[in-house]
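Have a look at the structure below, then the notes.
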Amino acid sequence: MLHHHLAGPAGAPPLILGPSLGTSTAVWERQLPALSRRFRVLRFDLPGHGGSRADVLPAPEPGRTTVEDLASLVLAVADHHGWDRFHYAGISLGGAIGARLAAHCPRRVASLALVCSSARFGPPEPWYERAGLVRLRGTAPLLETSPARWFAATEAAADTETRTPFARGLLGDLAGADPVGYAACCDALAAYDLRPDLHRITAPTLVVGGSRDSATPVAHARELAEGIPGSSLAVIDCGHLAAERPGELRAALTAHLDAAAAAAPPAAPPVSAPGNGTRLPPPG
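Next comes the structure, spelled out in structure tokens:
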């Protein structure tokens, strides 16, 4: 099972927070105090990241892992806790997992927030190339270029001793990522294209874009917002990790989640846990 942390009142509405590629549950740390007051918050680590082992993947071999596989692992965690329905917010790849769930398991997702994410993360070739590089040399080569992509704030992106503790911690997560798990997540991003299915998402949806995000520019956020019926778009002055602007991100998320929770029907009784074999239905 994916490594995860729980916080917040046991009887509160469930909220799952998905991390971006290369980070861990720590990417949500500064949002946790506010979100855990109203929600039972579950933060998880991607395979090979943080406390999650790469061998939770059903097929970690090159080119085999899909976002559907990752979403099924998240469903297994939700089932383990008896959560038939939950709110979901995710950054980048974490957002793609939530969008896949909302499109293909709509009864499970009460609301959705997609933060600096995309319906398609560009052509597949660069992702397969990155996966090959990481399998060969680990994540060390990525440490030179990631700060400028992740962070807009100079003190976070700069390669100096003035780098913020938050930025240092996330870059430490990248340095410590298992090459097998990281590369498999790159394979998942390479194969991901949810554009034909965006109209299937019926959950109340917030899309957050970063005005200085070079990895998933605001145009990606607009494509999500235009493709998901009834969704709303907020743009924050940030790089790829909007968590670097905790106040702005917190305000957007809490307003969205509070509105969605207030409009939600009463929770259904918990489902029995089926174990780790939960799978999504096939596309179509």
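Under our numbering, residues 53 to 336 are what the sequence shown spells out, in order.
All residues carry an ideal CB built from backbone N, CA and C; glycine is no exception.
query, result
"Quick one: measure Cβ to Cβ for Phe-96 and Pro-66, integer angstroms, because I've assumed they're closer than 8 Å.", "In fact, because the Cβ distance is near 12 Å, the residues do not count as touching under 8 Å."
"Who does Tyr-140 pair with in a DSSP beta bridge?", "Ile-68 and Leu-164"
"DSSP state of Thr-77, grouped into three classes?", "helix"
"Given Pro-176, which residues of its chain have a CB within under 7 Å of its CB, disregarding the five upstream and five downstream residues?", "Ala-242 and Ala-243"
"Can you list, in chain order, the residues of its chain with a C-beta nearer than 8 Å to that of Gly-184? Leave out the 5 residues immediately preceding and following it.", "Pro-114 and Ala-235"
"Quick check on the burial criterion: 16 or more other C-beta atoms within 10 angstroms. Buried or exposed for Ala-106?", "buried"
"How is His-57 classed by DSSP in three states: helix, strand or coil?", "strand"
"Please identify the residue among Gly-74, Ala-277 and Leu-58 whose C-alpha is closest to the C-alpha of Val-260.", "Ala-277"
"Which residue's Cα is closest to the Cα of Ala-64: Pro-269, Leu-94, Asp-289 and Leu-223?", "Leu-94"
"State whether the segment 187–196 contacts the segment 290–298, with contact taken as three or more CB pairs (one from each stretch) at a distance under 8 Å.", "no"
"Going by DSSP, which residues form a beta bridge with Gly-262?", "Ile-288"
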